[in-house]
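Novice: Encoded as structure tokens, here's the structure I'll be asking about.
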Amino acid sequence: MKNVTITLDEEVAHWARVEAAREGKSLSRWIGDSLREEMEASVDQNSGVRTLLALKPGKLSIDGKLPHHSEYHRAVLPRHERDHLRTGSGRSGKARTRN
Numbered sequence: 000m001k002n003v004t005i006t007l008d009e010e011v012a013h014w015a016r017v018e019a020a021r022e023g024k025s026l027s028r029w030i031g032d033s034l035r036e037e038m039e040a041s042v043d044q045n046s047g048v049r050t051l052l053a054l055k056p057g058k059l060s061i062d063g064k065l066p067h068h069s070e071y072h073r074a075v076l077p078r079h080e081r082d083h084l085r086t087g088s089g090r091s092g093k094a095r096t097r098n
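Structural data, given as structure tokens:
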């Protein structure tokens, strides 16, 4: 373990103390754990990007074409296929004027 001294403004220090207490940790332990989590998330993200960039170019589908947007929406947004949802507001498309 390496001991370090940090300077925090009052608002940040208060928030950090509250968060540490909420987790039942000392301020020092909470800051150390938070920094470790950030470091590990950064390492994981960088690893994922490197893996993605290392992929060889390939076809997006068997015929090399992307699906039409309506096919995509049917697959990704199935809630639009539910019968109980209204298809529109029921208005005739005319704008409502206010007096």
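So for the sequence shown, numbering that gives the first Met the number 0 puts the first residue at 0; every next one is plus one.
Beta carbons: idealized from backbone N, C-alpha and C, even for Gly.
Could you tell me the distance, in whole angstroms, from the CA atom of L34 to the CA atom of K55?
Specialist: Going from the Cα of L34 to the Cα of K55 covers about 34 Å.
Novice: Roughly how many angstroms separate the alpha carbons of A40 and G31, rounded to a whole number?
Specialist: Using only the alpha carbons, I get a separation of about 14 Å.
Novice: Are the beta-carbon atoms belonging to W29 and E22 less than 8 Å from one another?
Specialist: In this structure, E22 lies closer than 8 Å to W29 by Cβ.
Novice: For the region 1-71, which segments carrying the alpha helix (DSSP H) assignment without a break, of at least 4 residues, lie completely within its bounds, in sequence order?
Specialist: 9-21 and 26-53, all fully within the region 1-71.
Novice: What's the C-alpha gap between N100 and Q44?
Specialist: For residue 100 there is no data in the structure shown, the boundaries of the chain being 0 and 98.
Novice: CB-CB under 6 Å to G63, same chain, minus the five flanking residues each way: which ones, in chain order?
Specialist: Contacts found: none.
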